[in-house]
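*Asks:*
Residue numbers (my numbering): 27 to 170.
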């Protein structure tokens with residue numbers, strides 16, 4: 027079973043933040059977790075909003091890795107089944123159910139971990155997360 031390396035996590039985070047800079051987004055934070063949803067790497071750009079960005083990015087990555095599905099569908103599920111999502115949030119206070127948490131898969135489809143990006147719109151955060159994963163030569167799974 028393959029494991030997410032620190033070098034891969036660094037590539038993912040760097041490329042995600044670089045994509046945000048390329049798109050002139052608000053300052054971003056990227057959190058990379060392993061397949062057990064344990065924090066592997068956190069990178070935070072300078073700028074306003076820095077206090078909450080790390081916690082939100084970690085929450086997105088935690089939710090994606092913990093459930094094995096990107097966070098995109100959880101936004102709609104929160105609308106349709108709020109008690110389900112509240113239950114997850116009660117069990118894991120890090121659970122963030124909006125786009126921006128993306129599962130990292132290897133070439134064989136195995137889950138290596140997830141990345142969460144926060145700082146701009148959820149859609150833009152997700153776009154940067156996908157760019158980071160692809161820059162590492164891995165497969166992004168947004169769940170959508």
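Where a beta carbon is used, it is the ideal one built from N, C-alpha and C, also for glycine.
1) DSSP beta-bridge partners for residue 68?
2) Between the Cα of residue 61 and the Cα atoms of 104, 160 and 131, which residue gives the shortest distance?
3) Are the Cβ atoms of residue 128 and residue 140 separated by less than 8 Å?
4) For residue 142 versus residue 76, is the C-beta spacing smaller than 8 Å?
5) For residue 97, does the three-state DSSP call read helix, strand or coil?
6) What separation, rounded to the nearest whole angstrom, lies between the Cα atoms of residue 165 and residue 97?
7) Is it buried or exposed, residue 29, if we count other Cβ atoms within 10 angstroms and call 16 or more buried?
8) Taking only the alpha-carbon atoms, compute the straight-line gap between residue 48 and residue 32 and give it to the nearest angstrom.
9) Secondary structure at residue 79, three-state DSSP: helix, strand or coil?
10) Let me confirm a value: residue 109 is counted as buried when at least 16 other C-beta atoms fall within 10 Å, else exposed. Which label applies?
11) Could you pull the DSSP bridge partners for residue 84 from this structure?
*Replies:* Taking the definition as stated:
1) 57.
2) Ranking the options by Cα distance to residue 61, first place goes to 131.
3) For residue 128 and residue 140, yes; Cβs fall inside 8 Å.
4) Going by C-beta atoms, residue 142 is not nearer than 8 Å to residue 76.
5) Secondary structure of residue 97 (DSSP, three-state): coil.
6) One C-alpha to the other measures close to 15 Å.
7) Burial call: exposed.
8) About 24 Å.
9) Helix, per DSSP.
10) Exposure of residue 109 is indicated by the presence of fewer than 16 other C-beta atoms within 10 angstroms of its C-beta.
11) Under the DSSP definition of a beta bridge, residue 84 lacks any partner.
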